[in-house]
Amino acid sequence: MSWRLAGLALAAAMAAGSAVAQTSPIFADPPQDSAHPARMEVVHIPTHGVKINGVFYLAAGAGPHPTMVFFHGMPGNEQNLDLAQAARRTGWNVLTLHYRGSWGSPGTYSYRHLIEDGVAVLAFVRAPATAAAFGVDVHRIVLAGHSSGGFVAVNTAVRAAPVQGLVLVSGTDDAGEALAAKASPDSWRKFVKDGYDGLETLVGCTPVGLAQQLLPHGKDWTFAAAAPKLRGVPLLVITSDDGFAPEGDALAAAVGKLGGPAPKTVHFATDHPYSDRRIALQQTLADWLVATVH
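In our numbering, the protein residues as written are 930 to 1223.
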């Protein structure tokens, strides 16, 4: 009898797990809305005299919808579009983009342009014409970034406040790294060599040139400089075994000391692009968006 009861309990647990999986936005498509279907729109975002390329993943329903802007890293081989799709299935719009001088967007690629483009993109999302055309709830906007995209998200958030949330996926404190690396010639050479490979998709930049751009403005662009300005901003910091975890953890700790909502930190034992933890990464993001931004 005990074996039979155990079998029934196991079957019930499996059925419950299957039901959860079938209703989770990570594994299940949302109901279709013929009047206001989910869709994808190409957009061209004005920034400092040019228009950069973007794609809006728009949620089903009349809206307005909470909206996330996702900044890719450098050079951006991992676009994290599965995260955009997962967020859309939870009812969020998601805007992805390519900075000036990257992946076909006009202009030249530089750290200053990254920050300027981030601010311009947020202004575009908040504009009444954009909000009306794409169903954006301008009072529920979250910035997210992977790798150097985290640098962009943080520096955009503090220059174009307020935002209703900030997500870092292995976000890198590029300016803080540069200042630390300048302590010795060997550490500087290693920083340049390890930090700036695969730049063939970027226009108008070199590894040494990019690294040197950080030094004159470094203290203004570091996570440490940004932290006091992030008081009250809900923060999700996701880290991996890529060596950048201390940078995200330090930001979370600094923001946590300021009061307001406690930052959430999640660590995955995986590589920088989260190659074998994509489902878990999607679930973590979707759960946080639903629980945090109302």
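For every residue, glycine included, the Cβ atom is placed at its ideal position computed from N, Cα and C.
What's the C-alpha gap between residue i and residue j?
i: residue 1053; j: residue 1091; result: 15 Å
i: residue 1034; j: residue 1165; result: 29 Å
i: residue 950; j: residue 1030; result: Residue placement at residue 950 is poorly supported in this model, since its pLDDT is 49, which falls under 50; the coordinates are not used for a value here.
i: residue 1105; j: residue 1153; result: 8 Å
i: residue 1116; j: residue 1124; result: 12 Å
i: residue 1120; j: residue 1008; result: 23 Å
i: residue 996; j: residue 1122; result: 36 Å
i: residue 1199; j: residue 970; result: 33 Å
i: residue 1136; j: residue 1057; result: 39 Å
i: residue 1185; j: residue 978; result: 38 Å
i: residue 1222; j: residue 1202; result: 25 Å
i: residue 1080; j: residue 966; result: 33 Å
i: residue 959; j: residue 1145; result: 48 Å
i: residue 1011; j: residue 1118; result: 35 Å
i: residue 1133; j: residue 963; result: 45 Å
i: residue 1018; j: residue 1063; result: 16 Å
i: residue 1037; j: residue 1099; result: 25 Å
i: residue 1020; j: residue 1067; result: 15 Å
i: residue 968; j: residue 953; result: 20 Å
What are the boundary residues of the alpha helix (DSSP H) that includes residue i?
i: residue 1106; result: 1103-1110
i: residue 1213; result: 1207-1221
i: residue 1145; result: 1136-1150
i: residue 1074; result: Per DSSP, residue 1074 belongs to no alpha helix (DSSP H); it is in the beta strand (DSSP E), 1065-1075.
i: residue 956; result: Where residue 956 is concerned, there is no enclosing alpha helix (DSSP H), given that its DSSP letter is neither H nor E.
i: residue 1121; result: 1114-1124
Could you spell out the range, first to last residue, of the beta strand (DSSP E) harbouring residue i?
i: residue 1193; result: 1193-1196
i: residue 1094; result: 1094-1098
i: residue 970; result: 968-976
i: residue 1180; result: That residue, residue 1180, is in no beta strand (DSSP E); its alpha helix (DSSP H) goes 1174-1185.
i: residue 1166; result: 1164-1168
Round the Cβ separation of residue i and residue j to the nearest angstrom and send it over; I've been treating them as touching at under 8 Å.
i: residue 1086; j: residue 1159; result: 7 Å
i: residue 1074; j: residue 999; result: 7 Å
i: residue 1127; j: residue 1022; result: Contact doesn't hold; Cβ gap of about 30 Å is too wide.
i: residue 993; j: residue 1060; result: 7 Å
i: residue 1004; j: residue 1101; result: Actually they do not touch by this definition, with Cβ atoms about 13 Å apart.
i: residue 1015; j: residue 1070; result: The pair is not a contact, with the Cβ atoms about 18 Å apart (cut-off 8 Å).
i: residue 1072; j: residue 1095; result: 5 Å
i: residue 1174; j: residue 1196; result: 7 Å
As an exercise, report each continuous alpha helix (DSSP H) stretch of at least 4 residues that is fully enclosed by the segment 984-1019, in chain order. Counting only runs of 4+ residues, the alpha helix (DSSP H) found wholly inside the segment 984-1019 occupies 1010-1018, in chain order.
At least 3 beta-carbon pairs within less than 8 Å: the segment 1183-1192 vs the segment 1203-1213: Result no; under three Cβ-Cβ pairs closer than 8 Å.
Considering only residues of the segment 1019-1044, which uninterrupted beta strand (DSSP E) runs meet the minimum length of 3 residues and lie entirely inside it, listed in chain order? As for any beta strand (DSSP E) of minimum length 3 sitting wholly inside the segment 1019-1044, the runs are 1022-1026, ordered along the chain.
Between the segment 1106-1120 and the segment 1138-1151, do three or more beta carbon pairs fall short of 8 Å? By the Cβ test, the segment 1106-1120 is in contact with the segment 1138-1151, since at least three Cβ pairs between them sit closer than 8 Å.
Give a yes or no on contact between the segment 1166-1185 and the segment 980-988, applying the rule of three or more CB pairs nearer than 8 Å. no
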